[in-house]
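Below you'll find the structure, written out as structure tokens, and then a few comments.
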Amino acid sequence: MGASGRTPARGPGGARPRLAVWKFASCDGCQLTLLDCEEELLSVAAQVEIAYFLEASSAPGPGPYDLSLVEGSITTPDDLERIRHVRRVSTRLVTIGACATAGGIQALRDFADVREFLSVVYARPDYIATLDRSTPISAHVPVDFELRGCPIDKRQLLEVVSAFLAGRRPVVPPNSVCVECKARGNACVMVAHGTPCLGPVTQAGCGALCPAFDRGCYGCFGPMESPNVRALNRQLRELGMSTPELVRVYRTFNAGEEPFRQASEDADPELLGHEKAPGEDRGGRR
Numbered sequence: 001m002g003a004s005g006r007t008p009a010r011g012p013g014g015a016r017p018r019l020a021v022w023k024f025a026s027c028d029g030c031q032l033t034l035l036d037c038e039e040e041l042l043s044v045a046a047q048v049e050i051a052y053f054l055e056a057s058s059a060p061g062p063g064p065y066d067l068s069l070v071e072g073s074i075t076t077p078d079d080l081e082r083i084r085h086v087r088r089v090s091t092r093l094v095t096i097g098a099c100a101t102a103g104g105i106q107a108l109r110d111f112a113d114v115r116e117f118l119s120v121v122y123a124r125p126d127y128i129a130t131l132d133r134s135t136p137i138s139a140h141v142p143v144d145f146e147l148r149g150c151p152i153d154k155r156q157l158l159e160v161v162s163a164f165l166a167g168r169r170p171v172v173p174p175n176s177v178c179v180e181c182k183a184r185g186n187a188c189v190m191v192a193h194g195t196p197c198l199g200p201v202t203q204a205g206c207g208a209l210c211p212a213f214d215r216g217c218y219g220c221f222g223p224m225e226s227p228n229v230r231a232l233n234r235q236l237r238e239l240g241m242s243t244p245e246l247v248r249v250y251r252t253f254n255a256g257e258e259p260f261r262q263a264s265e266d267a268d269p270e271l272l273g274h275e276k277a278p279g280e281d282r283g284g285r286r
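For the sequence shown, UniProt numbering assigns the number 1 to the initial residue and increments by one for each residue that follows.
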């Protein structure tokens with residue numbers, strides 16, 4: 001029985017559940033987090049069959065899979081076809097990291113014309129097959145759970161895998177980084193030093209790493225539930241942030257998350273590079 005008292009998920013005939021790890025447009029950092037689990041990964045490997053994980057093995061096994069972990073955003077037509085295939089062969093699909101949950105740093109192109117970038121970077125842009133936008137996995141297929149972070153936290157990753165093995169919902173704290181600062185005994189960098197910080201609107205998960213070294217939070221884990229970004233914008237302006245700085249602080253790893261996108265647009269509508277079509281939400285979905 002699992003920790004929740006429920007029977008762990010099993011494959012056909014009572015076999016070990018089959019785990020797959022997939023990469024789309026990303027830096028591989030979240031997959032490396034799984035490999036960095038080391039001793040913990042050995043325990044997981046004893047409970048599951050790691051059937052597909054190109055970062056760790058050159059011998060991938062065919063589907064179907066009981067649980068798929070997906071890293072990266074959708075940026076090309078090939079990505080779009082592949083993620084639909086992954087969804088078809090996966091009983092449960094969990095997205096891991098900011099690229100998969102929000103479009104990643106590459107979603108900055110959503111604020112401009114990607115064709116302009118192509119013409120500047122490539123000698124023959126007509127050879128490049130790309131979508132106009134970088135979008136999260138959930139914009140294209142149903143997702144069972146999103147694990148945020150750039151990169152993800154290994155403790156949260158192990159909790160997600162363990163939860164799905166036990167047939168329960170993962171327990172990931174919904175609170176802000178400020179709670180982690182209090183738990184760690186950090187002095188508030190905004191109050192004590194006047195350092196701009198996204199901690200009040202960012203989901204916990206990093207252990208308040210940057211504030212622990214007297215640096216402001218960069219929002220690596222994306223917006224917390226119901227963040228008051230407008231109030232934070234006012235505070236950041238009082239700390240001396242200019243309009244371009246305020247826009248840039250939200251346009252990083254999680255620029256595609258609607259609260260951060262809206263915060264950057266509210267900061268200065270004249271700097272908008274992308275206007276959403278009527279009925280369009282995060283990731284270009286309708």
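Glycine included, each C-beta is placed from N, C-alpha and C at the ideal position.
Please read these numbers as outputs of a predicted model, since none were measured by experiment.
Per-residue DSSP class, three states only, for residue 135
The answer is strand: DSSP assigns residue 135 an E or B state.
Three-state secondary structure assigned by DSSP to residue 24:
Residue 24 falls in the coil class under three-state DSSP.
Please determine, among 66, 113 and 134, the residue with the shortest C-alpha to C-alpha distance to residue 94.
It is 66 whose Cα lies nearest to the Cα of residue 94.
Close Cβ partners of residue 30 (< 6 angstroms) along its chain, the five nearest in sequence each way excluded:
Excluding positions up to five away in sequence, the list reads 71, 96, 97, 151 and 152.
Run through DSSP, which three-state label would residue 176 get?
The three-state reading of DSSP puts residue 176 in strand, counting E and B together.
Using C-beta distances below 7 angstroms, list every residue in its chain close to residue 205, excluding the 5 sequence neighbours before and after it, in chain order.
Setting aside the 5 residues that flank it on each side, residue 205 is surrounded in the same chain by 148, 149, 153, 156 and 221, each with a C-beta closer than 7 angstroms to its C-beta; the list follows chain order.
Kindly indicate which three-state DSSP category residue 75 falls into: helix, strand or coil?
Coil at residue 75, not helix or strand.
If you drop the 5 nearest sequence neighbours on each side, which residues of the same chain put their C-beta closer than 8 angstroms to that of residue 15?
So the list reads 49, once near-sequence residues are dropped.
Taking Cβ positions, are residue 134 and residue 146 nearer each other than 9 angstroms?
No.
Alpha helix (DSSP H) containing residue 119: first to last residue?
Residue 119 -> alpha helix (DSSP H) spans 114-121.
Status (buried if at least 16 other CB within 10 Å, exposed otherwise) for residue 197:
Buried, since its Cβ has 16 or more Cβ neighbours within 10 Å.
Alpha carbon to alpha carbon, how far is residue 231 from residue 242? Give it in angstroms, no decimals.
Inter-residue distance for residue 242 and residue 231 is about 16 angstroms (C-alpha atoms, whole angstroms).
When we look at the beta-carbon of residue 226 and count the other beta-carbons within 10 Å, is it buried (16 or more) or exposed?
Label assigned to residue 226: exposed.
Three Cβ pairs or more, each shorter than 8 angstroms: is that satisfied between the stretch 46-62 and the stretch 17-30?
Per the Cβ contact rule, the stretch 46-62 is in contact with the stretch 17-30 (3 or more Cβ pairs under 8 angstroms).
Give me, in chain order, the residues of the same chain whose beta-carbon lies closer than 7 angstroms to that of residue 266; leave out the 5 immediate sequence neighbours on both sides.
Sequence-distant partners of residue 266 (beyond 5 residues in either direction) whose C-beta falls short of 7 angstroms from its own C-beta, in its chain, are 230 and 233.
Grab the span of the beta strand (DSSP E) containing residue 160 for me, first residue to last.
Per DSSP, residue 160 belongs to no beta strand (DSSP E); it is in the alpha helix (DSSP H), 154-166.
Tell me whether residue 145 sits in a helix, a strand or coil according to DSSP, three-state version.
Residue 145 falls in the strand class under three-state DSSP.
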